[in-house]
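Working notes, structure below.
Residue numbers (the numbering used here), protein chains in the order written: chain A, 34 to 118; chain B, 127 to 451.
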């Protein structure tokens, strides 16, 4: 799995819509959507509040070829709030 | 009254029969009773054992305790290979346990569907999960599918392989309201692939990980290798002491968690909340609402070694050795 970050919700939604169109989702066999929207939650992260698009690199919904490789990033655990002690 | 129940070794042998409606056969590999309910095509209704006689993991290794669930990637429908996806395809159906009829929900979000591969360690099938935020997960209605809540002793088992350096876990915890103290994280997971860590209810790393350099049975050249297929067991005993065991009886006895709340398994591969999902390969996963006996634990090790041994931690010396209990 790779990720691309979007500054606006509308940007994320537009990209999700285009991916669903490309992948044929919903597919009538139970796959209803491509991704669920989420944001970078950690205010100490430089990408705070950006919208996270998971990008499948394997499986039926592989779509990393639809992205510019230089825009894709690996998962960064510092995106999330620190685990409470 | 004399009676004879036809026995078959496995599902393939059962399906080779030409039954009449009502014919009943006992299947040795999973201890199930199969009753033919209709013809053209033949439909078998399968019924679980009542636990008497134990649970046959593979037809030759039988343990006393029947698991609440036992998910096997080689049998996505819980019975045979007929429900498996195509190689490298996403899992769009439910994953059904080999016991109790427990099943996950089908995952409707494509990017969160695990990918099924027909051949990995020892040519066995596995599910590959993408980790991190929005990573792959399967959910279940734990209140009706034997996935909890468990308030006392339990044993979680997974045959899994960490991949890369993202989070890695079996899963656990629950989304939504709970009525009693509940594990909000997977009882075991690692954060950012740094180690095989144990995390308590508070999320703090209790460090109850095996010590590669001094684990029981290790060779003098022990090294910490994480990205290999291993047998993981998380055990909470009757005194509510929870430990992580890797490849058998390798643990860190100095660090034991004492959380007494419920265990739920509503979110498979969820380490902590929905953003710390597991990246790796899962071959099997099982849960018992008891601390397995020493005999059962060792039988489980024997079973895993016989099925996966040739392909995992092959030399069994320079890493965590497969120590018995």
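For glycine and all other residues, C-beta sits at the position ideal for the given N, C-alpha and C.
Local conformation of residue i per DSSP, three classes
{"i": "residue 171 of chain B", "result": "strand"}
{"i": "residue 322 of chain B", "result": "coil"}
{"i": "residue 427 of chain B", "result": "helix"}
{"i": "residue 341 of chain B", "result": "Because residue 341 of chain B carries a pLDDT of 45, less than 50, the predicted location of this residue cannot be relied on, and no value is offered for it."}
{"i": "residue 96 of chain A", "result": "coil"}
{"i": "residue 271 of chain B", "result": "coil"}
{"i": "residue 148 of chain B", "result": "coil"}
{"i": "residue 131 of chain B", "result": "coil"}
{"i": "residue 65 of chain A", "result": "coil"}
{"i": "residue 422 of chain B", "result": "helix"}
{"i": "residue 309 of chain B", "result": "coil"}
{"i": "residue 259 of chain B", "result": "coil"}
{"i": "residue 139 of chain B", "result": "helix"}
Separation of residue j from residue i, as counted between CA atoms
{"i": "residue 363 of chain B", "j": "residue 257 of chain B", "result": "30 Å"}
{"i": "residue 198 of chain B", "j": "residue 148 of chain B", "result": "29 Å"}
{"i": "residue 182 of chain B", "j": "residue 74 of chain A", "result": "46 Å"}
{"i": "residue 234 of chain B", "j": "residue 90 of chain A", "result": "18 Å"}
{"i": "residue 216 of chain B", "j": "residue 130 of chain B", "result": "43 Å"}
{"i": "residue 45 of chain A", "j": "residue 236 of chain B", "result": "16 Å"}
{"i": "residue 163 of chain B", "j": "residue 392 of chain B", "result": "32 Å"}
{"i": "residue 291 of chain B", "j": "residue 161 of chain B", "result": "47 Å"}
{"i": "residue 170 of chain B", "j": "residue 102 of chain A", "result": "50 Å"}
{"i": "residue 404 of chain B", "j": "residue 159 of chain B", "result": "36 Å"}
{"i": "residue 402 of chain B", "j": "residue 396 of chain B", "result": "6 Å"}
{"i": "residue 414 of chain B", "j": "residue 53 of chain A", "result": "39 Å"}
{"i": "residue 191 of chain B", "j": "residue 288 of chain B", "result": "28 Å"}
{"i": "residue 378 of chain B", "j": "residue 359 of chain B", "result": "13 Å"}
{"i": "residue 311 of chain B", "j": "residue 55 of chain A", "result": "35 Å"}
{"i": "residue 67 of chain A", "j": "residue 58 of chain A", "result": "7 Å"}
For residue i: DSSP bridge partner residues
{"i": "residue 377 of chain B", "result": "In the DSSP output, where bridge partners are listed per residue, residue 377 of chain B has none listed."}
{"i": "residue 162 of chain B", "result": "B:170"}
{"i": "residue 284 of chain B", "result": "B:358, B:411"}
{"i": "residue 449 of chain B", "result": "B:374"}
{"i": "residue 35 of chain A", "result": "A:88"}
{"i": "residue 243 of chain B", "result": "B:252"}
{"i": "residue 70 of chain A", "result": "In DSSP, residue 70 of chain A forms no bridge with anything."}
{"i": "residue 369 of chain B", "result": "B:361"}
{"i": "residue 197 of chain B", "result": "B:411"}
{"i": "residue 219 of chain B", "result": "Residue 219 of chain B pairs with nothing; no bridge assigned."}
Close Cβ partners of residue i (< 6 Å) along its chain, the five nearest in sequence each way excluded
{"i": "residue 409 of chain B", "result": "199, 250, 252, 285"}
{"i": "residue 412 of chain B", "result": "193, 196, 283"}
{"i": "residue 247 of chain B", "result": "355, 434, 437, 438"}
{"i": "residue 166 of chain B", "result": "none"}
Cut-off 8 Å between Cβ atoms - residues of its own chain near residue i, not counting five sequence neighbours on either side
{"i": "residue 417 of chain B", "result": "279, 280, 281, 361, 362, 363, 364"}
{"i": "residue 97 of chain A", "result": "35, 88, 89, 90, 105"}
{"i": "residue 38 of chain A", "result": "73, 80, 83, 84, 85, 86, 106"}
Cutoff 8 Å: residue i Cβ touching any chain C Cβ
{"i": "residue 63 of chain A", "result": "Absent from the structure is chain C; the protein chains it does hold are A and B."}
Close Cβ partners of residue i (< 7 Å) along its chain, the five nearest in sequence each way excluded
{"i": "residue 375 of chain B", "result": "342, 449, 450, 451"}
Query raised in the report: Taking a cut of 9 Å between CB atoms, which residues from the region 245–268 of chain B lie near chain A?
Result: 254, 255, 256, 257, 258, 259, 260, 261, 262
Query raised in the report: Can you list, in chain order, the residues of the region 105–116 of chain A whose Cβ is nearer than 7 Å to any Cβ on chain B?
Result: 108, 110, 112, 113, 116
Query raised in the report: Any residues in the region 80–109 of chain A with a beta carbon nearer than 7 Å to a beta carbon of chain B? Which ones, in chain order?
Result: 85, 87, 89, 91, 92, 93, 94, 108
**Report entry** Residues, ordered as in the chain, of the region 280–306 of chain B that lie near chain A by beta-carbon distance below 9 Å
**Finding:** 290, 291, 292, 293
Query raised in the report: Got a sec: which bits of the region 201–234 of chain B sit with their beta carbon under 7 Å from any beta carbon on chain A, in order along the chain?
Result: Listed by position, the residues of the region 201–234 of chain B near chain A (Cβ gap below 7 Å) are 214, 215, 216, 218, 232, 234.
Report task. Using a Cβ-Cβ cut-off of less than 7 Å, list which residues of the region 371–400 of chain B approach chain A; keep chain order. Result -> 398
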